[in-house]
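A short write-up of the structure that comes next.
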Amino acid sequence: MKFSFRARTVVCMSDHETNRAYPPRPPYELAAPGATAPEAAAPAPPQSVPQPEPGTAPGAHARRRAGRPVGLLAAVAVVAAAVGGGTATLAGEAFGDGAAPAATSSVLGTNAADTGTGVAEVVKAVAPGVVEIGASSRSGSATGSGVVISEKGEILTNNHVVSGATEIEVTFSDGGTARAEIVGTEPDLDMALIRVEDTDGLTLAPAELGDSDAVRVGDRVIAFGSPQGLSGTVTSGIVSAKDREVTVERTEEDARPRDDWAWPFEFDGDRYNGDLGSETTTYRAIQTDASLNPGNSGGPLVDMEGRVIGVNSAIHSNASTAAEAGSVGLGFAVPVNDVKEILDDLRADG
């Protein structure tokens with residue numbers, strides 16, 4: 001599918017594979033204190049996930065598109081729980097534009113952005129709370145990312161990463177693994193809360209949730225995740241825009257699997273890749289030029305004070321499939337303030 005300025009192909013960022021076992025992932029390799037680190041300290045994933053394009057902004061996450069939201073192409077998702085085979089159905093997102101004031105308090109105690117080793121310091125503080133998520137069902141498996149938010153083993157990720165999964169395994173930054181269960185999901189925002197079943201013997205390092213309204217266009221940010229299954233990958237960039245509007249099909253737990261990567265979407269009144277169906281969702285996202293790729297879905301986007309300001313969800317690509325997609329500097333994340341608004345509801349589901 002081709003997009004000029006009018007439309008862009010967008011895909012979710014889970015790394016999908018069919019019936020493949022998950023090999024152990026190496027832990028995060030952090031820079032020694034005082035060492036100077038480059039802007040992005042992460043292995044470059046072979047291919048990446050697509051993303052959406054700007055449009056007018058309606059409500060935070062309305063079910064029907066208004067204005068000119070960007071559509072997404074599902075990149076990598078968990079196998080659907082429905083009976084029968086097929087690849088997993090994934091939900092993507094689109095985004096809009098805006099700006100806001102700066103944040104104040106810091107997880108690191110000092111403003112890491114003012115130091116020469118800012119990125120390395122933030123990585124050292126946040127990486128222990130970032131996990132890789134392996135989700136599987138009878139139809140196949142997928143890899144995504146997540147971030148620990150409590151000592152109870154609660155983990156935030158995208159709904160399209162775990163939707164339809166019958167088994168979920170979490171791999172921590174130190175190489176430890178644990179089984180997890182879905183606590184609650186919000187398809188309208190493509191968010192899910194999962195929880196580790198047994199925390200005994202685990203060292204949990206919850207990340208702090210920041211204030212996405214305080215983020216300004218131009219602020220430096222760091223993205224964490226497991227693109228293409230490469231655990232501990234870190235990339236950095238800036239906030240390119242805010243309130244990017246996205247319209248995609250909602251992914252329910254019992255969603256029917258699709259046998260291709262062509263996720264239907266709308267842009268500027270035109271439809272691509274077929275019918276969107278009766279259920280769609282539109283919400284606004286943070287746009288970043290930090291490199292995001294398949295498998296980054298669900299991982300945290302953090303500010304230079306080590307606080308989560310968004311959950312990575314999708315990227316734009318000129319490619320027509322997730323397998324051909326690569327990062328072009330257009331990544332999108334669900335604003336953390338929107339996530340905090342539904343967090344109690346997600347917990348109540350469990």
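Numbered by the UniProt record's numbering, the letters in the sequence shown go through residues 1 to 350 in order. Cβ coordinates follow ideal geometry from the N, Cα and C atoms, glycine included. Small disclaimer: the values here were computed from a predicted structure and weren't measured.
Query: Which of helix, strand or coil DSSP assigns to residue 351; Result: Here the chain comprises residues numbered 1 to 350, so residue 351 is not present and cannot be evaluated.
Query: With 16 other Cβ atoms within 10 Å as the buried cut-off, status of Thr-199; Result: exposed
Query: Residue closest to Leu-193, alpha-carbon to alpha-carbon, out of Gly-176, Val-215, Ala-178 and Ser-163; Result: Ser-163
Query: Spatially closest choice to Tyr-283 from Ser-212, Ala-125, Glu-245 and Pro-300, by CA coordinates; Result: Glu-245
Query: Sequence ranges, beta strand (DSSP E) only - wholly within the segment 186-244, length at least 3; Result: 191-196 and 220-225
Query: Beta-carbon proximity of Gly-144 to Asn-158, cut-off 8 Å; Result: yes
Query: Residue closest to Val-183, alpha-carbon to alpha-carbon, out of Val-196, Ser-173, Asp-190 and Leu-189; Result: Val-196
Query: Assigned exposure category for Gly-201 - 16 Cβ within 10 Å defines buried; Result: exposed
Query: Residue range of the beta strand (DSSP E) that includes Gly-118; Result: First-last for Gly-118: 118-126, but that is the alpha helix (DSSP H), not the beta strand (DSSP E).
Query: Selection from Leu-204, Glu-305, Val-334 and Gly-310 that minimises the alpha carbon distance to Glu-121; Result: Glu-305
Query: Exposure of Gly-299, with buried meaning 16 or more beta-carbon neighbours within 10 Å; Result: buried
Query: Rounded Cβ spacing between Gly-310 and Pro-294 (contact assumed at less than 8 Å); Result: Wrong, their Cβ atoms sit about 18 Å apart, outside the cutoff.
Query: Closest Cα partner of Ala-125 within the set Ser-173, Glu-167 and Gly-140; Result: Ser-173
Query: Residue of Val-339, Thr-185 and Ala-180 minimising C-alpha distance to Val-308; Result: Val-339
Query: Spatial distance of Ala-207 from Ile-155 (CA atoms); Result: 10 Å
Query: Outcome for Arg-179 when other beta-carbon atoms lying within 10 angstroms are tallied against a minimum of 16; Result: exposed
Query: Inter-residue CB distance, residue 357 and Gly-237 (contact presumed, cutoff 8 Å); Result: As shown, the chain starts at 1 and ends at 350. That puts residue 357 outside it, with no answer to give.
Query: Straight-line gap, Pro-128 to Val-119 (C-alpha atoms, nearest Å); Result: 15 Å
Query: Pairwise C-alpha distance: Asp-243 and Thr-185; Result: 22 Å
Query: Burial state of Thr-235, where buried means 16 or more other Cβ atoms lie within 10 Å; Result: buried
Query: Nearest-angstrom beta carbon gap, Gly-146 and Val-131 [assumed within contact, 8 Å]; Result: 5 Å
Query: Cβ neighbours of Glu-279 in the same chain (closer than 6 Å, five flanking residues each side left out); Result: Arg-250
Query: Leu-156, DSSP secondary structure in three states; Result: strand
Query: CA nearest to the CA of Gly-232, picked from Leu-292, Val-215 and Phe-332; Result: Leu-292
Query: Closest residue to Thr-281 among Pro-187, Leu-343 and Asp-303 (Cα-Cα distance); Result: Pro-187
Query: Straight-line Cα distance separating Gly-134 from Tyr-22; Result: Per-residue confidence for Tyr-22 stands at a pLDDT of 41, beneath the threshold of 50, marking its modelled position as unreliable; no derived number is given.
Query: Simplified DSSP state of Ile-182, which is helix, strand or coil; Result: strand
Query: Simplified DSSP assignment, three categories, for Gly-129; Result: helix
Query: Leu-330 beta carbon less than 8 Å from that of Asn-312; Result: no
Query: Closest Cα partner of Ser-137 within the set Val-161, Leu-343 and Ile-342; Result: Val-161
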